[in-house]
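Only one structure is covered here, and it is reproduced in the block below.
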Amino acid sequence: MQREVARATPPGGGAVRRRLSGRVLLPALALLVMVAVIFYLQPRAMSYTGMRLVLRYSLPLMFAAMAQLCIIAASDIDLGLGAYIGLVNSLSALLLAERPVLGVVSLVACVLAYAAMGAFIEARRLPSIVVTLGASFVWLGLALLVLPTPGGSSPAWLTTLVGLRPPYVPLPIVAGVLLAVVGHWLFMRSSYGVVLRGIGSTPQAVQRAGWSLLTARSVLYGLAGVFGLLAGLVLTGVNTTGDANFGAPYTLLSIAAVIVGGGEFFGGVVAPVGAVIGAFIMLLTGSLLSFMNVSTDWQLSVQGAILILVLGTRALQRRRA
Amino acid sequence: MSETTGSLVVLSGIAKQFGAVRALAGVDLTIHPGEVLAVVGHNGAGKSTLMQVLIGTIAPDAGRIAVGGRDESGGYDVRRAHALGIRCVFQELSLCPNLRVFENVRILHHRLMGLGWPRRARRLVREALDEIFPDHGIDADAAVGDLPIGQRQMVEIARAFTVTDQPVRLVILDEPTSSLGARAAEQLMQFTRRAAARGISCIFISHRLKEVLEHTDRVVVMRDGQAVSHDRAADLTEAQLVERMGVMALAAPAVAASARAGAADRAVRVDIRPIAGGEIRLLAHAGEVVGLAGLDGHGQRGTLLLAFASAGSHAAEAKVLGSVAYVSGDRPREGVFPLWSIGRNLTIGLLRRLAHGGFLSPAEERAVAEDWRQRFKIRTPDVGNPILSLSGGNQQKVLIARAFAGGADILLLDDPMRGVDIGTKQELFEQIRREADAGTCFLLYTTETQELQNCDRVYVFYRGAITEEIARAELTEDRVLRASFGQTGEAERADAA
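Below you can see the structure in the form of structure tokens.
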């Protein structure tokens with residue numbers, strides 16, 4: 001009897017989609033509503049160029065969100081991500097155009113430093129919140145060292161890449177879909193992704209099964225380093241210049257995007273597709289406010305309120321369940 | 322000395338010291354292929370440590386390990402043990418709750434990768450579950466955290482028997498039945514027999530002696546870090562086993578009949594209707610120990626939580642008159658503060674009483690903790706030691722002492738003896754009885770029928786409602802079991818007529 005029931009559910013695909021939608025459905029609906037309101041308030045946004053403009057800064061944010069997701073998957077949190085993005089922004093603006101080899105070497109070193117930070121946190125069993133907060137000052141200090149005043153330039157290839165105009169669908173949307181697919185595959189479908197999420201809830205169980213926690217946490221932080229690198233690079237491309245402080249807002253925005261997108265602070269519960277959607281939601285609050293003729297000074301408060309609202313409703317749902 | 326050929330695992334002279342505590346003092350143990358072996362003993366007798374050595378999570382200070390006739394002493398670790406086919410089902414669940422059932426299977430099998438691994442993982446766990454627990458009703462796609470504890474335990478057991486590239490030769494089951502209902506426990510026991518016939522050995526670590534004697538071939542008793550006896554299960558009685566473990570036989574609990582007689586005249590403390598309704602209400606008076614029985618997950622815990630939430634309520638649905646304290650058997654999740662000392666863990670419930678103008682006096686805190694340590698015979702040299710330095714049974718003593726110290730009128734005990742050894746259990750039940758005689762009302766939910774003997778009255782739950790109320794004098798295992806499956810005494814009488 002039970003066996004028949006088990007067979008009746010489609011093996012794999014259907015069930016996966018069902019569970020995925022459970023966590024991602026709400027943010028997706030929220031995004032649709034936001035987009036609808038924006039289009040209603042400002043019909044001109046409903047065009048290729050309009051969307052390009054509105055979504056311009058979604059590129060760095062979606063990569064930042066994916067970087068933060070890697071850390072949150074381990075039940076850690078990264079308070080240094082914004083500063084790190086600022087460092088990549090500064091390094092790439094200063095070096096990539098003029099001295100590409102040194103630029104690439106320095107950026108690879110950044111990623112390795114992130115992986116090493118993960119290994120350090122695991123080996124010394126330190127709280128990530130302290131280590132990443134400390135690291136944020138290191139990143140900021142280095143960035144100010146290489147680029148004391150805003151300046152530098154984006155290499156031509158990067159400007160071109162960020163300025164690409166794919167047919168019909170603007171680049172941020174194409175990039176968002178691609179990133180969501182890559183993230184989903186990485187964390188939810190790949191066999192090692194299971195181990196990566198496992199250490200976020202019950203590291204002892206993963207260790208008892210013979211996996212190295214040191215490797216797993218290093219891989220997660222290394223991945224965060226890679227996505228953070230991409231965020232910093234596209235930020236350089238979009239701004240065509242470097243500034244050590246450009247990255248600052250991305251720390252909190254990335255955390256908010258992951259959480260709004262269905263992730264949880266603890267327990268290795270993450271949703272890569274949701275994180276990308278969350279990044280769009282956090283970004284569009286700014287556009288929405290300006291189209292409603294509300295001062296953009298309110299943007300940060302509104303973004304914070306959304307985060308609290310999401311966490312509050314989720315807690316309420318859990319109590320009812 | 323022992324026959325090395327034809328044996329699966331030979332441990333010889335295994336010793337392990339943790340600081341000042343000698344956990345293992347030279348243990349010899351041989352496991353044959355296709356054997357179902359039981360390891361019994363007090364909490365703290367060294368069973369868990371020995372098993373950790375066997376699965377490679379703890380390296381022994383001395384001694385040798387041979388598997389399949391080969392000496393493996395050098396470089397023996399989790400991976401090696403795995404490769405040799407040694408698996409373990411831990412007492413503290415070791416699944417990742419955020420992962421789905423089949424994803425947890427993947428965690429165990431390093432080679433389960435590449436295209437289509439989810440499909441293979443699902444098939445593996447479904448087949449294992451179907452074979453061991455035929456009517457499990459578990460969806461391989463469900464998140465483990467959404468499953469009730471009994472089903473989680475089933476998944477963990479089934480996972481240990483799944484095979485990919487490495488064979489299964491020995492499965493260690495550490496208190497496997499403590500979170501399973503009676504039916505699933507029976508299914509597991511029958512399965513280990515079938516597995517043994519295929520050459521898979523099992524080691525049972527259990528405090529349920531009856532189960533051990535009925536379902537294993539050989540019983541090894543551990544005491545003070547040594548294996549003190551090896552006997553064929555068929556040659557042993559429960560009393561002999563208990564004697565070897567070094568504790569007194571669990572005689573019929575000393576219920577003072579005089580004190581019991583007038584329970585009905587005393588103040589009603591709890592009067593609630595179970596979640597799924599039904600005709601029988603749960604009633605408990607001051608000075609009574611009331612048992613909640615039945616299969617795991619049939620509304621007992623929900624009823625306890627309802628009682629907890631309704632403290633001080635006079636509502637018709639749930640009348641709970643008095644202050645309430647709750648003790649959970651799920652120590653790591655709902656009980657201990659793992660980073661705190663034993664003393665702190667004990668006095669956390671008393672802060673209001675211990676505080677003077679918003680400040681605590683460490684000396685007073687310590688004195689109170691010390692007092693309870695002596696009353697409960699908590700085995701530690703110093704209440705300032707970390708709580709995790711205690712064995713599971715002693716941790717539970719701390720949690721129950723905490724509830725007692727709080728002086729609540731009603732104590733809700735949620736399977737409090739899970740994984741607690743028989744000696745400690747007896748001590749704790751004596752404490753409970755003493756406290757009840759002083760007027761405290763107890764609601765005790767337990768999955769072990771034997772523990773119900775310590776109750777004055779027992780309510781059996783089935784599908785969220787109470788199917789039967791059994792007085793202590795009429796309590797039989799048989800009757801509880803039948804009521805657990807929804808068969809009440811009345812229905813039976815009607816059948817007979």
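Going line by line, the protein sequences match chains A and B. The first sequence maps to residues 1 to 321 in our numbering. The second sequence maps to residues 322 to 818 in our numbering. By construction, the Cβ of each residue, glycine as well, lies at the ideal position given by its N, Cα and C atoms.
Separation of residue j from residue i, as counted between CA atoms
i: B/L671; j: A/G278; result: 44 Å
i: B/K337; j: B/V533; result: 26 Å
i: B/A646; j: B/G785; result: 22 Å
i: B/E638; j: B/A632; result: 12 Å
i: A/G225; j: A/P150; result: 23 Å
i: B/S721; j: B/F680; result: Residue identity check: residue 721 of chain B is Ile in the sequence provided, not Ser. So the alpha carbons of these two residues sit roughly 25 Å apart.
i: A/G80; j: B/L802; result: 58 Å
i: A/I77; j: B/V360; result: 43 Å
i: B/A812; j: B/I791; result: Any reading at B/A812 needs caution, since the residue's pLDDT is 47, under 50, leaving its predicted position unreliable; the model's value is listed next. Each residue's alpha carbon lies about 15 Å from the other.
i: A/V54; j: A/P167; result: 18 Å
i: B/G377; j: B/N706; result: 27 Å
i: B/F454; j: A/V24; result: 34 Å
i: A/S287; j: A/P172; result: 15 Å
i: B/S394; j: B/A387; result: 7 Å
i: B/A554; j: B/E535; result: 8 Å
Burial state of residue i, where buried means 16 or more other Cβ atoms lie within 10 Å
i: B/P381; result: buried
i: B/K698; result: exposed
i: A/M188; result: buried
i: B/G362; result: buried
i: B/K531; result: exposed
i: A/A156; result: exposed
i: A/M46; result: exposed
i: A/S154; result: buried
i: B/H677; result: exposed
i: A/W185; result: exposed
i: A/L29; result: exposed
i: B/R440; result: exposed
i: B/I743; result: buried
i: B/D286; result: Residue 286 of chain B falls outside the range modelled here, since chain B spans only 322 to 818, and no answer is possible.
i: A/F137; result: exposed
Member of the options whose CA lies at the smallest distance from the CA of residue i
i: A/A65; options: A/P148, A/I281, A/S136 and A/L213; result: A/I281
i: B/V591; options: B/N666, B/L765, B/V563 and B/Y397; result: B/L765
i: B/I708; options: B/A690, B/F725 and B/R696; result: B/A690
i: A/P148; options: A/M117, A/P127 and A/S90; result: A/S90
i: B/R793; options: B/A614, B/R553 and B/S710; result: B/A614
i: B/E798; options: B/L429, B/T768, B/P418 and B/P595; result: B/T768
i: A/L220; options: A/R23, A/R56 and A/L196; result: A/L196
i: B/D777; options: B/L604, B/A630, B/F454 and B/R696; result: B/L604
i: B/S499; options: B/R803, B/Y780 and B/R739; result: B/R739
i: B/R700; options: B/R687, B/A688 and B/G714; result: B/G714
i: B/T624; options: B/R694, B/L733 and B/Q561; result: B/L733
i: A/R52; options: A/T132, A/V138, A/A175 and A/S301; result: A/A175
i: A/G267; options: B/K368, B/A481, B/L420 and B/M566; result: B/L420
i: A/A97; options: A/Y48, A/T159, A/L178 and A/W211; result: A/T159
i: B/K718; options: B/R694, B/Q621, B/D456 and B/R755; result: B/R694
i: B/D462; options: B/P418, B/H431, B/H430 and B/L494; result: B/P418
i: A/A83; options: A/A205, A/A73, A/A67 and A/V177; result: A/A67
i: B/V641; options: B/H528, B/A630 and B/V549; result: B/A630
i: A/V105; options: A/L229, A/G200 and A/L126; result: A/L229
Cβ shell of residue i (< 6 Å), same chain only, five flanking positions each side left out
i: A/L252; result: none
i: B/A607; result: R587, A588, R590, G760 and C762
i: A/E264; result: none
Same chain, Cβ closer than 8 Å to residue i, five either side skipped, listed in chain order
i: B/I827; result: What is shown of chain B runs 322 to 818, which leaves residue 827 of chain B out entirely.
i: A/S218; result: A115, A116, G118, A119 and E122
Residues of its chain near residue i, where Cβ-Cβ distance is below 7 Å and the 5 sequence neighbours each way are ignored
i: B/S333; result: D349, G384 and R385
i: B/R687; result: G664 and V704
i: B/E748; result: K698
i: A/T285; result: Q299, V302, Q303 and I306
i: B/M569; result: The pLDDT assigned to B/M569 is 40, lower than 50, so where the model puts this residue is not dependable; a value taken from the coordinates is nonetheless given after this. Excluding sequence neighbours, B/M569 sits near nothing in its chain.
In chain order, which continuous runs of the alpha helix (DSSP H) of length 4 or greater are located wholly inside the stretch 191-262 of chain A? The alpha helix (DSSP H) runs lying completely inside the stretch 191-262 of chain A and spanning 4 residues or more are 191-201, 203-208, 213-239 and 250-260, given in chain order.
May I have a chain-ordered list of the alpha helix (DSSP H) segments no shorter than 4 residues that lie completely inside the stretch 108-185 of chain A? Whole alpha helix (DSSP H) segments, 4+ residues: 128-146, 156-162 and 171-184.
Any chance you could list the alpha helix (DSSP H) runs of at least 4 consecutive residues sitting entirely within the stretch 381-410 of chain B, in chain order? Those alpha helix (DSSP H) runs which fall completely within the stretch 381-410 of chain B and span 4+ residues are 399-404.
Output the residue ranges of the beta strand (DSSP E) runs that lie fully inside the stretch 739-811 of chain B and measure 3 residues or longer, sorted by chain position. Qualifying beta strand (DSSP E) stretches, in chain order: 762-766, 778-783 and 786-792.
Any alpha helix (DSSP H) of 4 or more consecutive residues that is wholly inside the stretch 525-553 of chain B: Listed in chain order, the alpha helix (DSSP H) runs fully inside the stretch 525-553 of chain B are 530-536, counting runs of at least 4 residues.
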